[in-house]
Amino acid sequence: MEKMSTPCAACKYLRRKCTQACLFAPYFPPNKLNDYTAIHKVFGASQVAKILKDLHPSQRQDAVNSLVYEAQALLLDKVHGCSLHICNLQRQLKDLQDQLQIAKNHIAYYNHIVPPPLDLPPPITYQQNHQNPMLMPAVSNYVGQITSQQLHEEAHRVESEISDQVQRMQLNAAQSK
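All the letters of the sequence shown, read from the start, carry residue numbers -1 to 175 under this note's numbering.
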């Protein structure tokens, strides 16, 4: 086995000679020492090597990226790891789907089609979920994001506008008879 000129991050961390056949070299170049350190602390070198050996070479880079992300998340939050971030992304997706439904209702309204009333669930507040941080509303840097409370209020506003217009149309129709 031929020795490489610069050891990969794994071999540098483990203080061993890096060879051409090193399993870690393609995924942990010398400048990725922090990534390997995180993975090593959480999973261990032998476990990561076993995972990489069991995978097809085309899947290894994705696996390494996932392991690095999860290891760094677990080092930052030992209880939830990356699951808290996933929960927040799912909440943001739900909020965006609600915004989309409201936009579709506005389009239908402006096209003179009365949409069915929205049945949005009541917004989840911190007071209701202070015991479970996994259910706390997502905080995002996305400037245009609407909160669940705002979505709920907007849905009720649209419903009341539509019902008012229907009542006026019925009143006009009754007066013209």
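We treat Cβ as the ideally placed atom computed from N, Cα and C, and that holds for glycine.
- Rounded to the nearest whole angstrom, the CA to CA distance from Glu151 to Gln97 is 12 Å.
- Here Asp75 is exposed. Its C-beta has fewer than 16 other C-beta atoms within 10 Å.
- Here Cys6 is near Pro27, since their CB atoms are less than 8 Å apart.
- Between Tyr67 and Ala153, the alpha-carbon positions lie close to 38 Å from each other.
- The straight-line gap separating the alpha-carbon atoms of Ser3 and Ala43 is approximately 22 Å.
- Note that the C-beta distance between Leu149 and Ile105 is not below 8 Å.
- Residue environment analysis places Ala19 among the exposed positions, since fewer than 16 neighbouring C-beta atoms fall within 10 angstroms of its C-beta.
- In the DSSP assignment, Asn103 falls within the unbroken alpha helix (DSSP H) covering Ser81 to Tyr108.
- Counting of Cβ neighbours within 10 angstroms places Val77 among the exposed residues, the total staying below 16.
- No residue range can be given for Asn29, since it is assigned to no alpha helix (DSSP H) and is classified by DSSP as neither H nor E.
- Taking a cut-off of 8 Å on C-beta distances, the region 22 to 40 touches the region 50 to 62, as three or more cross pairs fall below it.
- Check the Cα spacing between Ile84 and each of Leu94, Gln95 and Ala71: the tightest is with Ala71.
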